[in-house]
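To start, the structure under review is shown below, and the notes come after it.
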Amino acid sequence: MTDPLDLLHAPLGEPGSGRIRYGAAMALYRAGQLSDAQLEVFRVASAHDGRDPDQLLAERGLPIPARAKYDGAGALASLVAEVDQYLAALSGDGPVEIRHGIARWAGPIHPRNAPPNVVVTAHLAPALETLAPSHPALAAAIAAAAPFLDWITYDGCEPAEIGIDFASGHAFATIIGQDAPIKAHDFDVGLFLIAPHVLYRDHCHRAPELYAPLTGPHGWRFGAGAPLTIKPAHMPIWNPAFRPHLTKVGPVPFLSVFGWTRDVNERARVIAADDWPALEALRL
Numbered sequence: 213m214t215d216p217l218d219l220l221h222a223p224l225g226e227p228g229s230g231r232i233r234y235g236a237a238m239a240l241y242r243a244g245q246l247s248d249a250q251l252e253v254f255r256v257a258s259a260h261d262g263r264d265p266d267q268l269l270a271e272r273g274l275p276i277p278a279r280a281k282y283d284g285a286g287a288l289a290s291l292v293a294e295v296d297q298y299l300a301a302l303s304g305d306g307p308v309e310i311r312h313g314i315a316r317w318a319g320p321i322h323p324r325n326a327p328p329n330v331v332v333t334a335h336l337a338p339a340l341e342t343l344a345p346s347h348p349a350l351a352a353a354i355a356a357a358a359p360f361l362d363w364i365t366y367d368g369c370e371p372a373e374i375g376i377d378f379a380s381g382h383a384f385a386t387i388i389g390q391d392a393p394i395k396a397h398d399f400d401v402g403l404f405l406i407a408p409h410v411l412y413r414d415h416c417h418r419a420p421e422l423y424a425p426l427t428g429p430h431g432w433r434f435g436a437g438a439p440l441t442i443k444p445a446h447m448p449i450w451n452p453a454f455r456p457h458l459t460k461v462g463p464v465p466f467l468s469v470f471g472w473t474r475d476v477n478e479r480a481r482v483i484a485a486d487d488w489p490a491l492e493a494l495r496l
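Sequential numbering from 213 applies to the sequence shown in this note's numbering.
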């Protein structure tokens, strides 16, 4: 997504879409492509996700900016481009490895029409509202592509082992991968969402893994019993194979780009720790 006018495409009625459209309008205003009066229309409309700014512009006799038309494949292509651009601005080996995989597995796109996911319905919009002021293009791309992704609340671990709150309070969607809209072999890239205050208990896996958190702050540790380290949004986390890691979500929903570079079908292993109850009750 390179034309800033494309940022105005967020679908009407999607939670948080009014804020995303206003963020896009602000970027265009700063570039001298929208007037004060046009920007004010998008500000007013941003309070109502279902309100069409074009209608309000027409009522006030103001020009209506051109908009790109997006189908599922177009929305997903824009999301991949925005994710790649976002990763390009991050330091470290992990983002580089994931970008190499994105370039390698570029191919046909097959959008999904999956049923709504309750975690996404409740928590994606607040996460995007946090992201939109600093990264309006990425937030708009996620909002547009979200309906075409298969969001999964994973049931591969027993709730008693992984934690009841986490078992019912997270969702992920693979964009590039074996069963994803863009096919790949032994490589995954997608989005990961966790509800506020949830603990993702200590675990490890064979797959080397990148987290690129889009919201924050959140707590992390890299060994059972180690103290939490509070990290802000946009600080990448690279987990080599079998590195133990834990995430404690703060008051804002955790939204992250994730990537696995190999061994993606190997199951994760939970690492028991006796301080989970205290961490689950903790509020950052």
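Beta carbons: idealized from backbone N, C-alpha and C, even for Gly.
Return helix, strand or coil for Phe384, following the three-state DSSP convention.
The answer is strand: DSSP assigns Phe384 an E or B state.
Tell me whether Ile406 is buried or exposed, calling it buried when 16 or more other Cβ atoms sit within 10 Å of its Cβ.
buried
Using a threshold of 8 Å, state whether the C-beta atoms of Pro393 and Ile321 are closer than that.
yes
State the DSSP-derived secondary structure class of Ile310, mapped to helix, strand or coil.
helix
If you reduce the DSSP assignment to three classes, tell me which class Ser229 lands in.
It is helical.
Taking 8 Å as the cut-off, does the segment 342-356 touch the segment 226-241 (at least 3 CB pairs, one atom from each stretch)?
Yes, the segment 226-241 touches the segment 342-356.
According to DSSP, is Asp414 part of a helix, a strand, or is it coil?
strand
Please list, in chain order, all residues of the same chain as Asp337 whose beta carbon is under 7 Å from its beta carbon, the five residues on each side excluded.
Note on identity: in this sequence residue 337 is Ala, with Asp being the wrong assignment. Here the set comprises Pro227 and Gly228.
Which of helix, strand or coil does DSSP assign to Gly244?
coil
Just how far apart, CA to CA, sit Ala493 and Ala318?
About 43 Å.
Can you have a look at Glu373 and say buried or exposed, based on whether 16 or more other CB atoms are within 10 angstroms of its CB?
Exposed is the label assigned to Glu373, since fewer than 16 other Cβ atoms lie within 10 Å of its Cβ.
For Leu403, which residues in the same chain have their Cβ closer than 6 Å to its Cβ, ignoring the five residues on either side in sequence?
Ala385
Tell me, to the nearest whole angstrom, how far the beta carbon of His465 is from that of Ala445; I am working on the premise that it is less than 8 Å.
One point to set straight first is that residue 465 is Pro, not His, in the sequence displayed. Pro465 to Ala445, Cβ: 12 Å. No contact.
Measure the CB-CB distance between Ile364 and Leu288 and report whether it falls below 8 Å.
no
From Arg242 to Gly235, what does the alpha carbon distance come to, in whole angstroms?
11 Å
With which residues is Leu467 paired in a DSSP beta bridge?
Leu405
As a quick exercise: from Gly225, Leu220, Ala249 and Leu224, pick the residue whose alpha carbon is nearest that of Ala237.
Leu220
List the residues that DSSP assigns as beta-bridge partners of Pro425.
Ser468
Within the continuous beta strand (DSSP E) that includes Thr459, where are the two ends?
Counted as a single uninterrupted DSSP element, the beta strand (DSSP E) harbouring Thr459 occupies residues His457 to Lys460.
Quick check on the DSSP output: what are the complete alpha helix (DSSP H) runs of length 4 or more inside the segment 289-345, in order along the chain?
305-316 and 330-343
Would Gly313 and Pro448 qualify as a contact pair, given that the criterion is a beta-carbon distance under 8 Å?
no
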